[in-house]
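Each residue of the sequence shown is one higher than the one before, counting from 408 in our numbering. Working notes for the structure below.
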Amino acid sequence: MSASSRPPTRSSYIAGAFLKRENQLAAVITIALAAIVAGLGQVPLQGDFEIDLRSVPPLQSPRYASLVGFEAAGPGGRMTDAARAQIVLNRPLPARFLLEIEGRSVGDPARETVEVQVGQTRQMLAFTAESRIHSFHVDNPFRGRTISLRGNAPLHLALSRVAVR
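If you want it as structure tokens, here you go:
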């Protein structure tokens, strides 16, 4: 087989395709659409919103992506079932906001200290048997999208609501 009759290699085939005018337009459109889709995923959430963790079936919020370390929802909220629980949002959180977490401790002892982390901000919260709203300011310059709760052992919390203000 002579050098001129060999099938083109993948790199030369792609390069040759871009030399054709109709493929240039298709490539530009594809790259533009990919950039738009990637950019939409990085637009931070705007305005106040709440996630009701008591909702059954699982959350239908467009902002919510997934829960990690939680059991099924009940009337008192979602129970944590691991040493770490996470609420992962589908877009980044704002650069600065007030985070509210409503919940209570359901374990023994009736008081549980938990580290809450959003991006680089960490805050220790003490949950008791009585449900209450914990709130603190979050600086999130790197636009994190995960709210993590961490304890020394499996967490025994019932969380009913998380809000961003």
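Even glycine gets a Cβ: it sits at the ideal position worked out from N, Cα and C.
Considering only the beta carbon of each residue, do leucine 460 and leucine 566 sit closer than 7 Å?
yes
Considering only the beta carbon of each residue, do valine 525 and glycine 558 sit closer than 7 Å?
no
In angstroms, rounded to a whole number, what distance separates the CA positions of glycine 510 and histidine 544?
18 Å
Is alanine 517 helix, strand or coil when you go by DSSP?
coil
May I have a chain-ordered list of the alpha helix (DSSP H) segments no shorter than 4 residues that lie completely inside the stretch 485-514?
none
Quick check on the DSSP output: the beta strand (DSSP E) that includes leucine 556 runs from which residue to which?
553-557
CA nearest to the CA of glutamate 537, picked from Leu564, Glu507, Glu457 and Thr437:
Leu564
Give the straight-line distance between the Cα atoms of arginine 491 and threonine 553, rounded to the nearest whole angstrom.
12 Å
For valine 569 and glycine 481, the rounded distance between their alpha carbons
15 Å
Can alanine 472 and leucine 496 be called in contact, C-beta distance under 7 Å?
yes
Would you call phenylalanine 549 buried or exposed, if buried means 16 or more other Cβ atoms sit within 10 Å of its Cβ?
exposed
Burial state of leucine 505 (16 or more Cβ within 10 Å)
exposed
Please go through the same chain and pick out, in chain order, the residues whose beta-carbon is closer than 7 Å to the beta-carbon of serine 462, but skip the five residues on each side of it.
Ala480
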